[in-house]
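Numbering (this note's numbering), first residue to last: 53 to 566.
Glycine included, every Cβ here is placed at the ideal spot set by N, Cα and C.
Below is one structure, written out as structure tokens; the observations come after it.
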Amino acid sequence: MAASPSVLILHPRLTLFATSLRPFSLIHHQFSLRPPTPSRLPILFARSRNHSSSISPLPTATPLSTDDSKETPHAGRSGSVSSPPFQAADYSQKIDVNPPKGTRDFPPEEMRLRNWLFQNFREVSQLFGFEEVDYPVLESEALYIRKAGEEIRDQLYCFEDRGNRRVALRPELTPSLARLVMQKGKSVPLPIKWFAVGQCWRYERMTRGRRREHYQWNMDIIGVPDVTGEAELISSIVTFFKRIGITARDVGFKISSRKVLQEVLSFYSVPETSFSKACIIIDKMGKIPLEEIKKELNSVELSTEAVDELLQVLSMKSLTELEEKLGAAGEAVSELKQLFSLAEKFGYSEWIQFDASVVRGLAYYTGIVFEGFDREGKLRAICGGGRYDRLLSTFGGDDIPACGFGFGDAVIIELLKERKLLPELPLEVENIVCSLDPDLQGAASSVATVLRGKGQCVDLVLENKPLKWVFKRAARINARRLILVGSSEWQRGMVSVKILSTGEQYEVNFDELG
């Protein structure tokens with residue numbers, strides 16, 4: 053017996069049980085405003101999702117394809133093609149009104165603060181001649197695994213899309229930058245000076261100033277091999293701090309070089325494969341006990357003698373002391389001395405200090421590294437960056453000298469709270485326009501349109517409200533003036549204007565209103 057065509061329109065797989073359903077019951081479930089009566093439809097539908105119309109199972113694997121026309125419509129996570137069983141929603145319960153753990157809402161007052169912060173990010177970047185770029189929030193999972201290894205998968209929000217492609221929400225911006233630079237190739241002249249302000253996602257333990265979702269300001273210079281690049285980047289961050297009221301008494305920069313570690317470890321013939329692992333371990337200094345640091349370094353093929361020598365060098369806080377240990381001829385000491393000399397010329401030498409323990413945990417750094425820190429020691433790193441000359445080859449491209457930094461939005465807000473430097477950003481509206489008669493609502497709309505056409509912000513009262521309510525709203529939105537459209541005034545082509553800060557009131561011709 054043929055299935056009802058009205059059922060086939062809903063879903064081809066419903067042909068399995070179409071003869072047992074009445075079209076009316078489907079219509080009732082789809083369009084009734086009242087809760088539907090219990091039905092076998094959800095159960096039957098759940099059973100049918102993983103089977104074709106011939107009741108044969110779907111294949112357990114489908115080759116990856118770049119052809120969207122061949123996408124499997126029910127691809128799931130972690131290589132599974134089938135979707136999870138359908139579950140009927142319980143609409144009788146109120147949903148959880150909180151955002152997912154580790155994420156944030158931005159109601160108007162929070163949005164004003166975010167916009168203020170991002171505006172300062174953008175204005176500082178533009179002061180230094182950088183151009184803004186952006187990248188997809190969703191990237192290929194391989195982009196991050198190629199750079200950081202399989203262990204990064206535990207921190208990614210990743211899944212398999214309907215085309216059987218492994219994708220992830222970006223945990224940082226630098227890999228996307230590298231991808232875009234490789235894509236553009238020689239069509240973009242060097243040096244490239246780009247900045248971005250983008251949302252990032254990382255599934256990790258939350259602490260103060262660290263969420264699973266955050267926004268990050270990145271500035272990157274591609275094509276400059278000298279430490280003048282790093283000096284310029286640090287200068288831009290100092291300029292940002294000064295703009296928002298942060299001083300060198302509040303914040304400093306710890307500066308070192310990955311080449312310091314390389315010179316120490318090469319003396320003990322430590323294999324290159326152990327170097328990046330050692331950097332990740334050293335980045336934990338101050339966060340876990342020193343004995344644990346030693347054990348972990350021993351576990352990555354560093355001898356006890358090498359570990360002791362390395363920890364001695366990492367404890368150094370003086371560039372002079374480092375020079376006495378390593379000599380002046382090495383690249384590490386030479387580049388650090390040049391950077392500190394440039395800091396004097398830029399005028400921010402009081403902001404920076406040498407600290408050999410700073411290595412940054414990310415594997416792609418190759419030279420100078422730096423971290424912005426709270427001098428009171430209450431907060432985690434505010435920002436960080438350095439040189440990454442060999443990043444592009446990680447993705448199969450030709451290496452180009454590069455340096456950059458990342459600056460999150462969460463820690464800086466915590467710092468501003470600590471220093472009581474959060475700006476007051478109330479809602480401010482130039483005009484509130486109100487009609488005194490329901491029949492004049494159209495006239496009030498005309499007034500609002502004229503003012504908006506002149507670039508003025510207008511809050512138009514959209515309902516017939518008493519003047520007491522209008523004055524309360526005007527106070528709440530910090531309106532500068534109230535414009536009233538009354539019957540007698542409008543007949544004469546006039547409106548009433550009240551300056552709310554002084555109480556001054558007058559009439560003005562509608563055509564002259566500005």
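Below 8 Å on the Cβ atoms is my guess for GLN207 versus TYR255; work out the distance and round it to an integer in Å.
5 Å
Quick one, which of ARG205, LEU313, CYS435 has its alpha-carbon nearest PHE425's?
CYS435
From PRO243 to LEU394, what distance separates their C-alpha atoms?
20 Å
How about the region 262 to 272 and the region 142 to 158: do they share at least three Cβ pairs that are nearer than 8 Å?
yes
Would you decide whether LEU317 is buried or exposed? Buried here means 16 or more other CB atoms lie within 10 Å of its CB.
buried
So, for SER287: in the same chain, excluding its five sequence neighbours on each side, which residues have a beta-carbon less than 7 Å away from its beta-carbon?
PHE398, TYR400
Return the bridge partner residues of THR259 from the DSSP annotation.
ARG262
May I ask you to verify whether the region 502 to 518 touches the region 457 to 468, counting CB pairs closer than 8 Å and requiring at least 3?
No, they do not touch.
Quick check on DSSP: helix, strand or coil for ALA220?
strand
Roughly how many whole angstroms lie between the Cα atoms of VAL233 and VAL240?
Taking the straight line joining both Cα atoms gives about 8 Å.
What span of residues does the alpha helix (DSSP H) with CYS455 cover, start to end?
No alpha helix (DSSP H) holds CYS455; the beta strand (DSSP E) holding it covers 454 to 460.
Using a Cβ-Cβ cutoff of less than 8 Å, which residues in the same chain neighbour ARG166 once the five nearest sequence positions on both sides are dropped?
PHE158, TYR267, ASP461
Candidates ALA248, GLU480, GLU470, LEU378: which alpha carbon is nearest SER553's?
Nearest of ALA248, GLU480, GLU470, LEU378 to SER553, Cα basis: GLU480.
Please report the Cβ distance between VAL365 and LYS377, rounded to the nearest whole angstrom; I am assuming they are in contact, meaning their Cβ atoms lie under 8 Å.
6 Å
Rounded to a whole number of angstroms, what is the C-alpha to C-alpha distance between TYR440 and GLU423?
15 Å
Between PHE392, THR446, LYS430, ARG432, which has its C-alpha nearest THR418's C-alpha?
THR446
Going by DSSP, which residues form a beta bridge with ARG439?
Paired residues: CYS455.
Considering only the alpha carbon of each residue, which of LYS236, ILE204, LYS238, PHE327 lies closest to ARG222?
ILE204
If you follow the alpha helix (DSSP H) that TRP168 is in, where does it begin and where does it stop?
160 to 179
What residue does the alpha helix (DSSP H) around LYS389 start on, and which one ends it?
383 to 398
Is DSSP giving GLN557 helix, strand or coil here?
strand
Do ASN270 and LEU225 have their beta-carbon atoms positioned less than 8 Å apart in this structure?
yes
Would DSSP call PHE182 helix, strand or coil?
coil
Please confirm whether LEU431 and PHE406 have their CB atoms less than 8 Å apart.
Taking 8 Å as the Cβ cut-off, LEU431 and PHE406 do not qualify as a contacting pair.
Report all residues from its chain with a CB closer than 7 Å to the CB of PHE83; omit the five preceding and five following residues, and keep chain order.
Confidence is the limiting factor: at PHE83 the pLDDT is only 38, short of 50, which leaves the residue's position unreliable, though a coordinate-based value still follows. Hits under 7 Å: none found.
So the candidates are SER540, GLY538, ARG533; which of them puts its Cα closest to the Cα of GLU556?
ARG533
The beta strand (DSSP E) that contains LYS550, what's its start and end?
Going by DSSP, LYS550 is part of the beta strand (DSSP E) stretching over 546 to 551.
Exposed or buried, what is ALA583 when buried is set at 16 or more other beta-carbons lying within 10 Å of its beta-carbon?
Only positions 53 to 566 of the chain appear in this structure, which leaves residue 583 out of reach.
So is ARG310 buried or exposed if we call it buried at 16+ other beta carbons inside 10 Å?
Burial call: buried.
With DSSP collapsed to three states, give me the class of LYS294.
Helix.
Give the straight-line distance between the Cα atoms of ILE465 and ALA433, rounded to the nearest whole angstrom.
If you draw a straight line from the Cα of ILE465 to the Cα of ALA433, it comes to about 13 Å.
Can you grab the Cα-Cα spacing for the pair ARG442 / SER326, in whole Å?
Inter-residue distance for ARG442 and SER326 is about 17 Å (C-alpha atoms, whole angstroms).
Three-state secondary structure (DSSP) at ARG533?
The answer is strand: DSSP assigns ARG533 an E or B state.
In the structure shown, what three-state DSSP assignment does MET234 receive?
helix
Residues in its own chain within less than 6 Å of LEU116 by CB, not counting five upstream and five downstream?
Confidence at LEU116 is low in this model, with a pLDDT of 36, below 50, so the placement of that residue is unreliable and no value is reported for it.
Could you tell me how far apart the beta carbons of TYR187 and ALA220 are, in whole angstroms, since I believe they sit closer than 8 Å?
At roughly 13 Å, the Cβ-Cβ gap does not stay under 8 Å, so TYR187 and ALA220 are not in contact.
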